[in-house]
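I have placed the structure first, in the form of structure tokens, so that the comments after it can refer back to it.
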Amino acid sequence: MINKTYQKKHELWLSLTFASFAITDEAIKSRLYDFAQIAFRHMKWLGLDILENDENYNYDRDMLLYKRDSVFDIIEALVKEVEDIQSIYGDSNLAQRIKTDDIYLLEYLSQILKDESNNKAITAFNMKREWLDKNLSGEQIDALTIFLFEESYKEYELILVYAYMQARTQNIKEFGIYQDLIDESHFHLKSFGNMMAIMGILALPRELHEMTYVIKDVKQFIVDGIAEEEAAKVMCKELSDAIKDEELSKFFDFINYQESYHIELMQKLL
Amino acid sequence: MNNLNDETLENLMEPKNYGKLENPTGVGVALDEKTKEYVIFYTILDGDIITDVSYATNGCQDTVVIGSMYSDMIKNNNLEYANDAIQRITEKLGELTKEQKVCSDIVFTAFIASIKNCENRQNGEDEELHVLKMKESCEATNMENTDDK
């Protein structure tokens, strides 16, 4: 039987993560991202618990990312989502830990709502497709847009696929490598998500189908993954060359070098 | 699809008919063995009418957009319309690159596979899904394009 608590936690992790991307206030953004990472650890622990009990979970979702207009609209929706999930955690020690984390999250959200000056307009969904005050050409903006959609999905996919594999390995070395790869993809998703919000094109990565994450041949999966990382490097390089902006080019070169080390990490799994 | 218009952008941000479908009458997969890219298409047929569809893919954004537009176009239409719809999309999107043509082919092939699965099930076969392997690969067209340069 598929576990619903896991699904709801997965959805909450995404809601917190994308709320963090959508909100421009740096203090709120940063704090929400911390809570999103806590929610992701909840997911990880729930997953391990579920497998220990000979049950299973999947990455199905039943959610939309609503194009909300203000910070309070986002925060109020988060409050409702966190409150709604409380009744399904159960009574285990893990459930108690998760509940106390969530209670503190609700307290933090209520503090935001008490200060009207926090209620700024949200521009993350306005589809303006402008990069800060830079005057990028239409072609460069299109290239950046496609890159951000491709790569934000890819990083989300990698986080979940590696987490799925990590939960199922008994090998400590492999566990550690998967953790490194997950951490790296979190950073990339955060970088790309925040860029999408700046451009007004923030969107949830699409749902993963089990054909993507239920891996039957791990070795082949790693070989294919290395080829994908190589392709991502090429895409980064092309974008870096195409975008005539020094800051952005440097950023894509930096991401490109990180992809190189992912390949090293993945080769250790072979 | 060379210029990202609002419609393409909307389909990127929120692809239509994306995900799984409960109780489909047919499930089809089109698979690019070189890149491992796939499209899975779920179809519910009532006689000749496609009453519901959905799709999922691990492919690129072009595949996502074409899947979104195609599935939206054929929903509540008949099979003949669905067979012509891919051409209509191609016309709508303008001149496609070789890679984009492979993307539209993989979407259409997945739909065809889902219809084949419907027929096989109707003929009493116990087939969970029908898989069709792609003849053209995105990887091959990428390499050709690289060679062109």
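Chains A and B, in that order, give the protein sequences. Under our numbering, the first sequence has 5 at position 5, and the numbering climbs by one with no breaks. Under our numbering, the second sequence has 1004 at position 4, and the numbering climbs by one with no breaks. Heads up, the beta-carbon is just placed ideally off N, CA and C, and yes, glycines get one too.
Determine the closest residue to residue i out of the options, with distance taken between C-alpha atoms.
| i | options | result |
| --- | --- | --- |
| A/K154 | A/F40, A/R206, A/D54 | A/R206 |
| A/I159 | A/D217, A/R68, A/L14 | A/L14 |
| B/C1138 | B/L1031, B/L1012, B/D1046 | B/L1031 |
| A/L105 | A/E116, A/K80, A/N118 | A/K80 |
| B/N1117 | B/L1045, B/N1017, B/G1028 | B/G1028 |
| B/I1040 | B/D1126, B/E1099, B/T1109, B/N1083 | B/T1109 |
| A/R31 | A/L94, A/Y6, A/E107, A/I98 | A/E107 |
| A/D245 | A/L148, A/N135, A/I74 | A/N135 |
| A/K9 | A/H42, A/E238, A/F18, A/F35 | A/H42 |
| A/F221 | A/N194, A/Y162, A/L132 | A/Y162 |
| A/A19 | A/K250, A/A197, A/I215 | A/A197 |
| B/A1085 | B/K1098, B/F1111, B/L1045 | B/F1111 |
| A/N119 | A/G138, A/V71, A/E11 | A/V71 |
| B/V1064 | B/V1131, B/L1129, B/L1012 | B/L1012 |
| A/M127 | A/D133, A/A242, A/M199 | A/M199 |
| A/S280 | A/Q7, A/Q96, A/E83 | Given a span of 1 to 270 for chain A in the structure shown, any question on residue 280 of chain A remains unanswerable. |
| A/M266 | A/K237, A/E228, A/F40 | A/E228 |
| A/V214 | A/Q96, A/S191, A/Y164 | A/Y164 |
| A/S137 | A/A242, A/E210, A/L12 | A/A242 |
On the DSSP bridge list, what partners appear for residue i?
| i | result |
| --- | --- |
| B/N1076 | Answer is none; B/N1076 lacks a bridge partner. |
| B/Y1038 | B/L1031 |
| B/D1052 | B/I1044 |
| A/S70 | A/A121 |
| A/Y271 | Since the first and last residues shown for chain A are 1 and 270, residue 271 of chain A lies out of range. |
| B/K1135 | Answer is none; B/K1135 lacks a bridge partner. |
| B/G1026 | B/T1043 |
| B/H1130 | B/G1028 |
| B/T1057 | B/V1039 |
| A/N53 | Paired residues: none, contrary to the question. |
| B/Y1018 | B/Y1055 |
Below 8 Å on the Cβ atoms is my guess for residue i versus residue j; work out the distance and round it to an integer in Å.
| i | j | result |
| --- | --- | --- |
| A/I202 | A/F21 | First, the amino acid is wrong: residue 202 of chain A is Leu here, not Ile. With a Cβ gap of about 6 Å, A/L202 and A/F21 count as contacting. |
| B/I1050 | B/K1075 | 6 Å |
| A/D217 | B/K1036 | Between B/K1036 and A/D217 the Cβ distance is about 11 Å, and since that is not below 8 Å, they are no contact. |
| A/I98 | A/I23 | Incorrect: roughly 24 Å between the Cβ atoms, too far for contact. |
| A/L65 | A/A36 | Contact flag wrong, Cβ pair sits at about 14 Å. |
| A/N3 | A/E52 | Incorrect: roughly 12 Å between the Cβ atoms, too far for contact. |
| A/L148 | A/M195 | 6 Å |
| B/A1113 | B/V1131 | 7 Å |
| A/E247 | A/H188 | Going by Cβ atoms, the distance from A/E247 to A/H188 rounds to 17 Å, so no, they are not a contact pair. |
The region 258 to 268 of chain A in contact with the region 176 to 192 of chain A per 3-pair CB rule at 8 Å:
yes
If we count Cβ pairs, one from each stretch, closer than 8 Å, do we get three or more for the region 1120 to 1136 of chain B versus the region 1063 to 1081 of chain B?
no
Please determine if the region 140 to 148 of chain A and the region 164 to 179 of chain A are in contact, where contact requires at least 3 C-beta pairs separated by less than 8 Å.
no
Are three or more beta carbon pairs between the region 80 to 93 of chain A and the region 121 to 129 of chain A nearer than 8 Å?
no
Using 8 Å as the threshold, is the region 227 to 239 of chain A in touch with the region 43 to 51 of chain A, meaning 3 or more CB pairs across them?
no
Interfacial residues, the region 193 to 226 of chain A to chain B, with Cβ spacing under 7 Å:
I201, A203, R206, E207, H209, M211, T212, D224
So does the region 1076 to 1085 of chain B actually touch the region 1055 to 1062 of chain B, counting three or more Cβ pairs closer than 8 Å?
no
With 9 Å as the C-beta to C-beta threshold (strictly closer), list the residues of the region 1001 to 1025 of chain B near chain A in chain order.
N1002, N1003, L1004, D1006, L1009, E1010, L1012, M1013, E1014, P1015, Y1018, G1019, K1020
How do the region 242 to 257 of chain A and the region 1003 to 1013 of chain B stand: do at least 3 beta-carbon pairs fall below 8 Å, yes or no?
no
At least 3 beta-carbon pairs within less than 8 Å: the region 55 to 62 of chain A vs the region 108 to 118 of chain A
no
Would you list, in chain order, the members of the region 1057 to 1074 of chain B that have their beta-carbon closer than 9 Å to a beta-carbon of chain A?
T1057, N1058, C1060, Q1061, D1062, V1064
Residues of the region 1022 to 1052 of chain B whose Cβ lies closer than 7 Å to any Cβ of chain A, in chain order:
K1036, Y1038, I1040
For the region 96 to 117 of chain A, which residues have a beta carbon sitting closer than 8 Å to at least one beta carbon of chain B?
none
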